[in-house]
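What the sequence shown shows, in the numbering used here, is residues 48 to 271, in sequence order. For each residue, glycine too, the CB sits at the ideal point set by N, CA and C. Shown next, in structure tokens, is the structure this report addresses.
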Amino acid sequence: MELYVDSANLKEIRHAASMGIISGVTTNPSLLAKEDPNQDIKTLLLDIHASVGGHLSVEVVSTDTAGMLREAEEILKWAPEATIKIPMIADGLAAVKELNRQDIPTNVTLIFSATQALAAANAGATYVSVFLGRLDDIGADGVQVVRDVAEIWDMNDLDALIIAASIRHPIHVMECAKAGAHISTVPYKVLMQCIKHPLTDSGLQAFLNDYNKMQSEKEKLGTK
Ligand code: G3P
């Protein structure tokens with residue numbers, strides 16, 4: 048399962064990219080709104096893409112098919128490698144159908160059920176983003192939806208890539224990998240939690256302490 052970072056913060060994205068663990072970035076209007084309002088969004092998104100390469104999802108804000116297609120055309124002028132992120136609504140599906148006809152990649156977002164994912168795949172989506180954390184937030188089982196989608200994909204040989212999105216913690220990442228998601232788009236904080244373990248830190252500290260002890264004993268014996 049590939050990892051993307053779900054962020055619009057350049058510092059976080061650059062750090063995640065420097066560790067070599069991510070192969071793409073997803074953003075959305077809410078993530079962009081958390082950043083400096085004086086920042087030009089196009090410049091920010093281009094900087095993000097230059098830092099990571101790979102996948103960059105850029106979301107439209109229109110809610111009608113014609114508006115989404117206009118926005119997609121505009122986005123592709125300044126970010127030709129962008130994947131156009133389209134909301135999972137009827138007009139969105141029509142936009143996906145048309146963009147697919149033009150060979151333009153799409154990421155259908157705000158998917159909360161297996162039937163929505165199936166509809167998006169049939170419309171020609173390149174990626175389907177299942178928002179599992181928000182399902183857990185309302186007391187439903189988000190990972191089960193990812194599992195259902197992956198099972199349907201296997202049985203029907205569907206091509207769209209399943210993105211596990213709205214990830215809340217490392218266990219979500221592990222469960223989505225086991226459930227069969229192709230990609231998990233993970234907030235920076237959770238990525239950092241994923242690579243950390245207290246036994247790694249205490250183990251490293253013990254190695255360093257023992258090494259330093261050995262060095263000072265050698266110094267004392269004059270055998271350094
Ligand atoms: O990738 C989807 C994500 O940005 C939504 O996450 O935390 O707002 O549910 P969240």
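Supposed contact pair residue j and residue i - C-beta distance, whole angstroms, cut 8 angstroms
| i | j | result |
| --- | --- | --- |
| C241 | V190 | Actually they are not in contact, since the Cβ atoms of C241 and V190 sit about 16 angstroms apart, beyond 8 angstroms. |
| N154 | I210 | 7 angstroms |
| I136 | T110 | 7 angstroms |
| P76 | V108 | 6 angstroms |
| I158 | V177 | 5 angstroms |
| V175 | A164 | 5 angstroms |
Beta-carbon proximity list for residue i, same chain, < 7 angstroms, skipping 5 on both sides
| i | result |
| --- | --- |
| I122 | V105, A129, I131 |
| T112 | D138, A141, A142 |
| A63 | V52, I69, Y235, L238 |
| K144 | A170, G171 |
Neighbourhood of residue i by C-beta distance below 6 angstroms, restricted to the same chain and skipping five residues each side
| i | result |
| --- | --- |
| H229 | L208, I209 |
| L140 | A170 |
| N147 | G171 |
| L251 | none |
| E118 | V107, S109 |
| L103 | V72, H96, A129 |
Among the options, nearest to residue i - alpha-carbon criterion
| i | options | result |
| --- | --- | --- |
| P127 | E266, P134, K144, D150 | D150 |
| A274 | D206, V108, M239, A119 | Outside the modelled stretch of the chain, which goes from 48 to 271, sits residue 274, for which no answer is possible. |
| N56 | M66, S176, H96, R148 | H96 |
| R61 | D94, N147, W200, I158 | D94 |
| G227 | A80, A197, M66 | A197 |
| W125 | M66, L92, N85 | L92 |
| L50 | E266, A212, G269 | A212 |
| L116 | P152, D195, D183 | P152 |
| D195 | I185, K225, D83 | K225 |
Residues near residue i by beta carbon distance below 8 angstroms, same chain, minus five either side
| i | result |
| --- | --- |
| V237 | I214, R215, H216, P217, H219, V220 |
| I88 | L79 |
| A167 | M135, L140, V143, V155, I158, V175, A207 |
| L179 | G189, V190, V192, V193, A211, A212, S213, I214, H219, C223 |
Under 8 angstroms, with one C-beta from each stretch per pair, do the segment 257-270 and the segment 225-234 reach the 3-pair mark?
no
Can you confirm whether the segment 64-79 touches the segment 246-255 when touching is taken to mean that 3 or more C-beta pairs between the two stretches lie within less than 8 angstroms?
no
Give the list of continuous beta strand (DSSP E) stretches no shorter than 3 residues that lie fully inside the segment 147-227.
153-158, 174-178, 208-212
To test your reading of the DSSP string, which unbroken alpha helix (DSSP H) runs of 4 or more residues are found completely within the segment 68-114?
76-80, 88-99
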